[in-house]
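Each residue of the first sequence is one higher than the last, beginning at 1 in UniProt numbering.
Heads up, the beta-carbon is just placed ideally off N, CA and C, and yes, glycines get one too.
Please read these numbers as outputs of a predicted model, since none were measured by experiment.
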Amino acid sequence: MPEITFPEDLPVSGRREEIAKALTENQVIIVSGETGSGKTTQLPKICLQLGRGEKGLIGHTQPRRIAASSTAKRIAHELGTPLGEHVGYKVRFNDTLSKGAWVKLMTDGILLAETQTDPLLKAYDTIVIDEAHERSLNIDFLLGYLKQLLPRRPDLKVIITSATIDADRFARHFGTNEKPVPVIEVSGRLYKVEVRYRPIERDAVAIPTADPNKPVPKAVAAREKRDLMDGVVDAVDELCRIGSGDVLVFLPGEREIRDAAESLRKHHPPHVEILPLFARLSVEEQDRVFRTTNARRIVLATNVAETSLTVPGIRYVVDAGLARVKRYSYRNKVEQLQIEAVAQSAANQRAGRCGRVADGVCIRLYEEDDFNKRPKFTDPEILRSSLAAVILRMKSLHLTDVESFPFIEPPTPRAIADGYQLLQEVGAVDDNNELTPLGRKLARLPLDPRVGRMILAALDNACLTEMLIVASALSVQDPRDRPMEHQQAADEAHKKFADDKSEFLSFLKIWTWFEQAIEHKKSNRQLMDNCRANFLSQLRLREWRDVHSQLLTIVREQGWRLNEAPATYEQLHTALLTGLLGNIGFKDGEEPGAGYLGARGIRFHIWPGSYLVKKAGKWIMAAELVETTRLYARCVAQIQPEWIEKVGAHLLKKSYGEPRWEKRPAQVTAAEKATLHGLIIYSQRRIHYGPLNPREAREIFIRDALVGGDYDTRAPFFAHNRKLVKDIETLEHKSRRLDVLVDDQLIEAFYDQHIPQDIINGAGFEKWYKEASRDNPKLLYLVREELMRHEAAGVTTDMFPKAMSVTGIEMQLTYHFEPGSVRDGVTLAVPLFALNQVSAERAEWLVPGMLKEKVHLLLKSLPQKLRRHMVPLPDYAGKFMDRIHAKMAFGRGNLIDVLIADIREQTGIHVLTADFKMETLPAHHFMNFKVIDEHGRQLDMGRNLAALQAEFGRQARAQFQKMAEGTAPTGEGASGALSVPAAVALQAGAA
DNA sequence: TAGGGTTTT
């Protein structure tokens, strides 16, 4: 081991013994300190000195790759050993570590990934989680993971480093509220920063209350922007008056940076250098920020300068106090990227950026009071993200459920439910939220679950070759550069990669272009120039290729087959669609700017910079939906709605319109409507209804085809029966008794009795009939006597009327024979408005055809000593019916009272109401009431009229009133006989 | 008519 020395000018060096002691005595310690304390470089050395790093590695994580590699280089240098020998780093695509290493720098993502193959993290005896206050998804996951790992690895030491203000939170997480783990605070080496508050002076315009659903009116937005730019210019002026030194201005985005640059250029002398800085800038443009010149530099930066990049030589900071923040909306399942006020911790981090070389001044473009009211910390990423990927990873690690995992700040149940829902949507978990075999495959891919799903689909669709290119493109930043000053030239250069139907295909074209560019390159320099001339970022192209080759390795390991034949548009895009079912859209208007209707009722527009913005078709899918000033779809492609049906079958919700018989296909059809997350994929599609509801289809077939005659068949019974019925009808006309003889319901019952239950359409019927009629040629022949026999048995429409008149209103009666069913017996359809008019007394009588049996059972329920005067009971009941008919008294008065009077008259016996045991009667001897609305839809049903009247009485009265006033609905469905005058007359009569 | 910044089995 080389000699370990500590630079004495670093604050952490002076505390190394204290830190060493704490680490010896505790399993976990927190080291807090601001930038410049030296903790990042010195902590691993303190650990080495304690003899750690011998039984296992000292693992040291950084949030960014660049920090991991540069820290490794720095420590190796301080130890005087070559990089990789004792101190190395591992980041994605790059591993410099040799076997005998002690210290391993890595990104937190790498350590997290290693839990998959080394769940106990046995490779390490010490782990340092640096910059824990950044609270990325990876860090929060790791902190939870370590918390539950510690008891199983008592030998493992863990150091968490953090900014001072939130050290306590970590101390409590790893300890308990009563006994937190020790926090060692190390001072930073920051110079003093003076903070000045210079709130933007707003014009006195009425600013509408912030409603996230309504875009800010243009005039207001423009004015606010101008105010912000004025504020920036004034602040820069003020700072420049203080003295020399570079200025760093924090703004929320590229657009604001461009506007501010313009304002400053107009205002400042030409020797001031104005430099934009944001992540999507080309390397060359970013490099300008790190080259110092004699001119004063004003760097206009996004959040990238807050943590990821350190701009050297900054003396002054202007903080607009704003940032674009990504949030996931569980409601709409889309990402939001909207401008928000930054938290106090972020504002302080920004201010700290001017205290690195000398005392600095920071101007905040808002009130001090505003600052004090802001939240202390930025919401951790885990509270702002879709949890699908996190849950998938936890499932595949066999960790405890996400609900009970020891997160520092646990996500809400709503967020967890949403994550499961997305995993279900792609088929990664089943209905019990257990990982499926497909989910296990997904978990092996270093991709968003939705992109991973595309790869698995591509395997089935024989388009894996193309999909690997597209999927890796979707996982990295867009390689296309679009510099502010050369937007048109960039668009022009990118045109050759465009496709009229799909932006996904652009990735394939760029890929091919780059492959050829590499193949034909004369030098690296020439390749670089070539990329630049075509406005492509070589850095991002390289990253893309790296991800692609990583995926390729996995694909080969799995033995998945790459297609050699080029995939078709449909093959590739249906595979893409498997991951993008939540991002489909339907253009429901022709006017420009109408936008697309999406899942869950969202409405979105194609990103204005898209090549397809004006030419995409009716149906599209988008790689992503992000809400900025509006909800925009990026990377879109035309699709066919049939693909949605195929790929999204498991998510389609189907509903059916009124089924009806169709003669030509000889089957019952219904209009089918399918929706996916509420978006109508198709409607009015006639489909064979039989398999969906065989019972109803059979009923309709018998009623409309066989009885109604709307049927083409050569089966002889059909013509015979039709003719027979016609003959009898002719007779009926002659006898002027239309209602008595041929009753469709009787013929229906006849067919129902003879035709098997599984016959639901013409084809099935013909097949069955052919067989069945061979043994019994007359099987379905109606005979005149049979029809007459029904009549003889009393089954006529007189006895079983189709409707009942209640104070002038015709109400439909239906019959059902199914003992035990709620519908058993006779059901009266009562329009809501007439509910109060229905009389319970009248209903007791049921219909003439059912009364005899009811009277028989009523008599039977009497005590023996009374009953014996009426024997034989059926005879008595029959004669009672005759007397009622003779008197034309059916339905008049209280049935029991009438019966009591009859008994007294016939036998002299005195029977009381209480002597009848009503409860012994089966339910079908009581009228069933179905309350319906004006469209004929059932509101409720039951045999207890009083209860229904109590429930709907008030509504019924109100509707009755409305009808009387002449504003009534048409009343269809309520037997068609309703009319307003009838209702009016009725009310007059009732009054 | 216009998108902050990271990371990976």
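Where residue i falls: helix, strand or coil (DSSP)
i              : result
histidine 133  : helix
proline 831    : strand
histidine 816  : strand
proline 863    : coil
asparagine 372 : helix
residue 1015   : With the chain covering 1 to 991 only, the question about residue 1015 has no answer from this structure.
histidine 548  : helix
glutamine 526  : helix
alanine 719    : helix
residue 993    : With the chain represented from 1 up to 991, any question about residue 993 goes unanswered, as that position is not in the structure.
histidine 869  : helix
histidine 688  : strand
isoleucine 160 : strand
residue 995    : Residue 995 is absent from the model: the chain starts at 1 and stops at 991.
glutamate 335  : strand
proline 801    : coil
threonine 920  : helix
glycine 188    : coil
glutamine 421  : helix
tyrosine 316   : strand
methionine 1   : coil
Contacts around residue i, its chain only, beta-carbon distance under 8 Å, and the 5 residues preceding and following it disregarded
i            : result
leucine 97   : Gly84, Gly88, Tyr89, Lys90 and Lys104
arginine 265 : Ile274
valine 647   : Ala457, Thr574, Leu577, Thr578 and Leu581
lysine 663   : Ala705, Asp710, Tyr711 and Asp712
leucine 387  : Val402, Pro411, Ala415, Ile416, Asp418 and Gly419
alanine 22   : Ile29, Pro182 and Ile184
Residues near residue i in its chain [Cβ-Cβ closer than 6 Å; skip 5 each side]
i             : result
valine 855    : Ala877 and Phe880
leucine 505   : Asp499
arginine 736  : Confidence is the limiting factor: at arginine 736 the pLDDT is only 45, short of 50, which leaves the residue's position unreliable, though a coordinate-based value still follows. Closer than 6 Å at the Cβ level, and outside the excluded window around arginine 736, lies no residue.
aspartate 430 : Thr436
leucine 782   : Asn721 and Leu724
leucine 652   : Ala674 and Leu676
alanine 843   : Met927
Option nearest residue i by Cα separation, candidates the options
i              : options                           : result
isoleucine 160 : Leu57, Ala101, Ser244 and Ile19   : Ile19
arginine 480   : Leu464, Trp544 and Val249         : Trp544
asparagine 303 : Ser805, Arg297 and Leu322         : Leu322
arginine 868   : Val911, Glu853 and Val838         : Val911
valine 838     : Asp882, Asp727, Ala950 and Leu866 : Ala950
asparagine 563 : Ile469, Gln667, Leu251 and Ala493 : Ile469
proline 446    : Cys354, Thr574 and Ile554         : Ile554
threonine 378  : Pro872, Lys495, Asp166 and Val357 : Asp166
proline 819    : Met811, Leu921, Pro874 and Trp768 : Leu921
valine 195     : Arg353, Glu810, Lys522 and Ser861 : Arg353
residue 1057   : Arg453, Pro406 and Arg703         : With the chain covering 1 to 991 only, the question about residue 1057 has no answer from this structure.
leucine 576    : Ser502, Ala901 and Val806         : Ser502
serine 154     : Ser69, Val28, Gln62 and Ser263    : Before going on, a small fix: residue 154 reads as proline here, not serine. Looking at the Cα atoms, Val28 is the closest of the given residues.
aspartate 370  : Asp401, Arg198 and Ser396         : Arg198
glutamate 17   : Cys47, Ser396, Pro2 and Thr40     : Cys47
proline 151    : Arg135, Leu121 and Asp246         : Leu121
asparagine 26  : Thr126, Ala772 and Arg937         : Thr126
glutamate 958  : Lys802, Ser329, Ala834 and Pro44  : As written in the sequence, residue 958 is alanine, which differs from the glutamate given in the question. It is Ala834.
heavy atom of the ligand FMN below 8 Å from residue i C-beta
i            : result
glutamate 25 : The ligand FMN is not part of the structure shown, which contains no ligands of any sort.
Close-in-space but distant-in-sequence residues of the same chain around residue i (CB under 7 Å, 5 per side omitted)
i                 : result
serine 187        : Pro11, Gly33 and Ser37
serine 244        : Arg296
arginine 823      : His816 and Asn928
phenylalanine 890 : Trp845, Pro848 and Ile884
Supposed close pair residue i, residue j - CB separation, criterion 8 Å
i                 : j             : result
phenylalanine 407 : glycine 144   : 5 Å
histidine 925     : glycine 808   : Rounded, the Cβ-Cβ distance is 27 Å, inconsistent with contact.
leucine 365       : valine 317    : Rounded, the Cβ-Cβ distance is 11 Å, inconsistent with contact.
valine 707        : glutamate 748 : 5 Å
Do the stretch 631–640 and the stretch 343–352 meet, that is, are 3 or more Cβ pairs less than 8 Å apart? no
Using a Cβ distance threshold of 8 Å, determine whether the stretch 47–65 contacts the stretch 124–143, with at least three qualifying pairs required. yes
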